[in-house]
Each structure stands twice: as structure tokens, then as C-alpha cells.
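Student:
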Amino acid sequence: MKNSKIIPYACQDIDQSDIDAVTDVLKAEFLTQGPKVEEFENSVSSYCGANYAIAVNSATSGLQIACQALGIGPGSLVWTSTITFAATPNCVLNCGARVNFLDVSLQTYNVCLDDLENKLIDAEIKADLPDVVIAVHMAGSSCDMSKIHQLAIKYGFKVIEDASHAIGGFFDEKPVGSCDHSDITVFSFHPVKIITSGEGGMAVTNDPVLASRMKKFRSHGISSDPSDMLERPKNEIWNYQQVDLGFNFRMTDMQAALGLSQIARIDEFVAARRRIAKKYDDDLKELPLNLPKRFKNVQSSYHLYIIRIKLTEVKKSQPEVFDFMRKNGVMVNLHYIPCHLQPYYAGRGFKRGAYPNAEQYFQEVISLPLFPHLSSGDQERCIELLSTALS
Ligand SMILES: *Cc1c(COP(=O)(O)O)cnc(C)c1O
């Protein structure tokens with residue numbers, strides 16, 4: 050091996066201001082769910098233009114309380130794209146509901162809108178329409194939310210945006226998370242994502258009722274808000290009540306302080322990601338690859354740079370290219386193995402062959418290193434290695 054330095058596919062960007070922000074909390078009064086959590090919530094809601102934000106300990110938890118706030122439970126049906134992380138369909142099953150998958154578009158890697166519409170027409174005939182559709186913004190590029198919103202009105206389903214990849218992105222000039230075309234949007238602050246709080250997530254919404262429900266689910270179903278409480282005997286102390294069944298999904302103040310310090314740099318992060326993506330766009334265009342398509346009304350947060358190998362023009366297989374890169378220290382990745390092919394979902398009856406675009410995508414894609422402080426030298430090395438691998 051010429052160069053033994055390992056280049057990851059993603060990496061958090063932590064500076065002294067982040068470290069100071071967390072240490073300050075350790076010296077202060079509250080370690081968990083104190084003033085920093087509320088400040089972080091306010092900062093995210095004003096950044097994306099939503100009325101309410103509920104910070105939680107992961108996007109997985111955010112998806113869970115989003116589904117529950119929308120009434121998902123036994124007897125409900127939720128649809129989502131098969132190209133997503135396990136957390137997206139899992140939250141549905143963890144509500145005791147049924148999940149079904151949708152195919153993706155090979156142009157956007159988001160849910161295929163034709164597949165969605167055809168399945169809705171069919172489901173209306175069979176009286177098995179979904180209660181909720183979870184739209185996943187792959188790699189940081191928003192789904193066509195106005196089209197999904199139109200279908201939501203026509204067929205009467207609610208919409209959650211899984212924007213784990215997409216804080217910092219825009220659709221029709223509005224920030225992802227404005228919830229203009231959805232009920233709830235969920236962000237992830239896992240270290241590989243755009244900004245991090247270590248572990249962490251947030252659900253944003255414009256609906257006060259959904260916000261209040263999600264707040265309760267975050268903390269055991271308990272409320273100390275008098276307007277949530279039922280009447281109790283006057284000679285007993287009822288300063289809080291458990292009015293629903295919830296969880297402990299709370300974010301700590303250390304996490305919130307880190308998140309706050311990170312969101313102050315989000316524009317810088319996205320600009321650096323855009324610059325790196327642009328270099329890949331320019332330097333890879335002669336190779337036998339399908340590069341990410343850009344759309345006028347969508348501005349990506351550039352969470353991932355996903356290439357698709359043109360297998361008919363290349364002698365090597367995708368696993369060979371993947372292994373070659375990794376053996377040479379470039380830790381490429383694959384986002385994602387289609388959920389319906391995972392042993393767990395296959396065991397629930399999902400069949401290979403059912404989602405042809407997603408399965409083709411799975412055979413062709415590789416995610417290249419992309420993070421704000423990826424040096425131009427390291428990026429050059431990735432480009433050269435890839436070009437060698439494909440030749
Ligand atoms: C990362 C991710 C999640 C889960 O996020 P956590 O914060 O790790 O729980 C969910 N959905 C998608 C699409 C993701 O990429």
C-alpha cells in the first residue's frame with residue numbers, strides 16, 4: 050500500500066468552540082434537558098422556519114414519536130422508500146403497525162413518484178390506503194414535496210419527512226424542515242450527518258397539537274402542563290400526570306450545547322460539502338459513472354456523494370471496486386442495502402424482485418468520502434484510486 054492513511058466516508062468536524070460549549074455545561078447546573086435543549090430547539094426551528102421543535106436522543110426516537118403523534122398503532126399502515134436506513138421502517142413496526150415499501154427513482158434516489166401514485170390508485174381500490182408516508186431525502190436532496198403533498202391531500206394520508214440527511218438543504222427555496230408540505234420533519238445529529246450532537250435528533254412541526262403529543266412521548270407520556278391534565282381531588286398533589294404511554298427519549302444539555310455550537314457553523318459546513326461535491330462532479334465526469342443529478346428547485350445539503358457504476362462499460366464488478374478502494378485506505382460505503390432484502394424484512398415476506406430500481410441501485414452504488422474538512426489532497430487520492438479501479 051502506497052499511502053497508509055485511512056480516509057473515512059464521513060467524519061464530524063469538532064472545533065474548540067464545540068469543546069468549550071460542552072465543557073461549559075459540565076460546569077453548570079443542568080446536565081440533562083436544561084436550558085441548552087430549549088435553546089437548541091429554538092435555534093433549529095428558526096433555522097428551518099418551523100413553529101415547534103422537539104429535541105430527542107436520536108432521529109430514530111424522533112421518527113418513533115412522530116409516528117405515534119400521528120396516531121400510528123396496531124391496524125395502521127405506513128409506506129416508505131426501501132432505500133433508507135433501518136430506522137425508517139423499524140419505527141413503524143415498533144408502533145405495532147404495518148409497513149410497506151416503495152421503489153426509488155434512478156434519477157433522484159428518492160421515492161419514485163410514479164410508483165407511489167400507482168400504488169395509491171391500487172390501494173384505494175383495495176381500501177388499504179396508507180395512513181402515513183415517510184419521505185426520505187436521500188443524500189441530502191429533498192423529495193418533490195409539493196407533489197407528495199398533492200397526493201397526500203388526494204388520498205388522505207399524513208406525511209413525515211425523514212430529513213436525517215438533509216438539514217441545510219432547500220426545496221423550492223424553503224429550508225428542509227419548514228414543514229410546508231408535511232406534518233412533521235425529523236433530523237439526525239449522528240456524527241456522520243451534517244451537524245452533530247454526538248447522538249441526537251429533532252422533530253419539527255407547525256402543528257401545536259402534534260408538538261404537544263411528541264413532547265409527552267419524549268418523556269414517559271408525562272405532562273406538567275395544567276391544560277393536559279385531568280381533574281383530580283383538590284386535597285391531593287397532582288403537579289404532573291402521566292396521560293399517555295411514552296419513553297425516555299430526552300436529549301442531554303451536553304448534547305444540546307454541542308448541537309447549538311454546530312448549527313452556528315452549518316452554512317460553512319454545507320458550503321464546504323458543496324465545494325467537494327462540485328470537484329467530484331467535475332473530476333469524475335469522464336469516468337463510466339452516473340453522477341448525482343442536480344435539480345433547479347432542490348438544493349442538497351450534500352450529505353453523501355453517491356456514484357453509480359455503469360456496469361456494462363466496466364470490467365470490474367461493484368464489489369471489486371468497493372474492495373479495491375477499501376484495501377487502499379479509502380473507506381467507501383454503501384447507502385443503502387434495500388430494506389426489503391434485509392433478512393428481517395425478507396422474513397416478513399418481502400420478495401427480491403419487487404423493487405427493480407432499488408435492486409439495480411444496490412448493484413451499482415458506492416458512497417465516496419465527503420465531509421467538510423476532507424483535504425483536496427485526500428480527495429485527489431480518492432479520485433485517482435477510483436479512476437484506477439474503473440480502468
Ligand atoms: C441516520 C439516519 C437515521 C437514524 O438516525 P439516528 O440519529 O442515528 O437515530 C434515520 N434515517 C436515516 C435516513 C438516516 O440516515
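Take the sequence shown: its position 202, counting from 1, is numbered 251 in the working numbering, and each next residue is one higher. All residues carry an ideal CB built from backbone N, CA and C; glycine is no exception.
Measure the alpha-carbon distance for residue 116 versus residue 364 and round it to whole angstroms.
Tutor: Taking the straight line from one Cα to the other gives about 45 Å.
Student: Would you decide whether residue 78 is buried or exposed? Buried here means 16 or more other CB atoms lie within 10 Å of its CB.
Tutor: It counts as exposed.
Student: Kindly confirm or deny that the stretch 179-189 and the stretch 148-159 touch, where touching means at least three C-beta pairs closer than 8 Å.
Tutor: The stretch 179-189 is in contact with the stretch 148-159.
Student: How is residue 224 classed by DSSP in three states: helix, strand or coil?
Tutor: The answer is strand: DSSP assigns residue 224 an E or B state.
Student: Measure the beta-carbon distance from residue 86 to residue 302 and round it to whole angstroms, keeping in mind my assumption that it falls under 8 Å.
Tutor: Contact holds; Cβ gap of about 6 Å.
Student: Shortest alpha-carbon distance to residue 148 belongs to which of 154, 245, 178, 173?
Tutor: Among 154, 245, 178, 173, the Cα nearest to that of residue 148 belongs to 178.
Student: Can you tell me whether residue 176 is buried or exposed, with buried defined as 16 or more other CB within 10 angstroms of its CB?
Tutor: Classification of residue 176: exposed, given that the 10 Å Cβ count is below 16.
Student: Taking Cβ to Cβ, would you say residue 56 is nearer than 7 Å to residue 418?
Tutor: It is a contact, given that the beta carbons lie within the stated cut-off.
Student: DSSP state of residue 82, grouped into three classes?
Tutor: Residue 82 falls in the coil class under three-state DSSP.
Student: Say yes only if the C-beta of residue 250 is nearer than 6 Å to one or more non-hydrogen atoms of ligand 1, and no if none qualify.
Tutor: For ligand 1, at least one heavy atom lies less than 6 Å from the Cβ of residue 250.
Student: Closer than 6 Å by C-beta to residue 293: which residues in its own chain qualify, once you throw out the five before and the five after it? Chain order, please.
Tutor: Cβ within range, chain order: 265, 270.
Student: How about residue 237: is its Cβ closer than 6 Å to a heavy atom in ligand 1?
Tutor: Residue 237: yes, Cβ under 6 Å from ligand 1.
Student: What residue does the beta strand (DSSP E) around residue 261 start on, and which one ends it?
Tutor: Looking at the DSSP string, residue 261 is not in any beta strand (DSSP E); the run it does join, the alpha helix (DSSP H), is 257-267.
Student: Counting C-beta neighbours from all protein chains within 10 Å, is the total for residue 393 16 or more, i.e. buried, or is it exposed?
Tutor: Residue 393 is exposed by the Cβ-count criterion.
Student: Going by DSSP in three states, residue 309 sits in which element: helix, strand or coil?
Tutor: Helix.
Student: Does the beta carbon of residue 245 fall short of 6 Å from some heavy atom of ligand 1?
Tutor: No, since every heavy atom of ligand 1 falls outside the 6 Å radius drawn around the Cβ of residue 245.
Student: With the cut-off set at 7 Å, would you say residue 255 and residue 118 are in Cβ contact?
Tutor: Cβ atoms of residue 255 and residue 118: not closer than 7 Å.
Student: May I have the straight-line CA-CA distance separating residue 251 from residue 362, to the nearest angstrom?
Tutor: Whole-angstrom Cα-Cα distance: 43 Å.
Student: Quick one, are the C-beta atoms of residue 352 and residue 214 less than 7 Å apart?
Tutor: Yes, these two residues count as a Cβ contact at 7 Å.
Student: Taking residue 320 as the reference, which of 217, 199, 171, 285 has the closest Cα?
Tutor: With distances taken between Cα atoms, residue 320 lies closest to 217.
Student: Let's test the definition: count the other Cβ atoms within 10 Å of the Cβ of residue 210 and tell me whether it reaches 16, buried, or not, exposed.
Tutor: Buried, since its Cβ has 16 or more Cβ neighbours within 10 Å.
Student: Can you tell me which of 84, 69, 108 puts its alpha carbon nearest to the alpha carbon of residue 239?
Tutor: Here the closest residue by C-alpha is 108.
Student: Classify residue 111: buried if its beta carbon has 16 or more other beta carbons within 10 angstroms, exposed otherwise.
Tutor: By the 10 Å Cβ count, residue 111 comes out buried.
Student: Could you name the residues of the same chain whose beta carbon sits closer than 6 Å to that of residue 59, not counting the 5 residues immediately before and after it, in chain order?
Tutor: Cβ neighbours of residue 59 beyond the five flanking positions: 241, 420.
Student: Kindly indicate which residue of 275, 203, 184, 431 has the alpha-carbon position closest to the one of residue 236.
Tutor: Considering only alpha carbons, the answer is 184.
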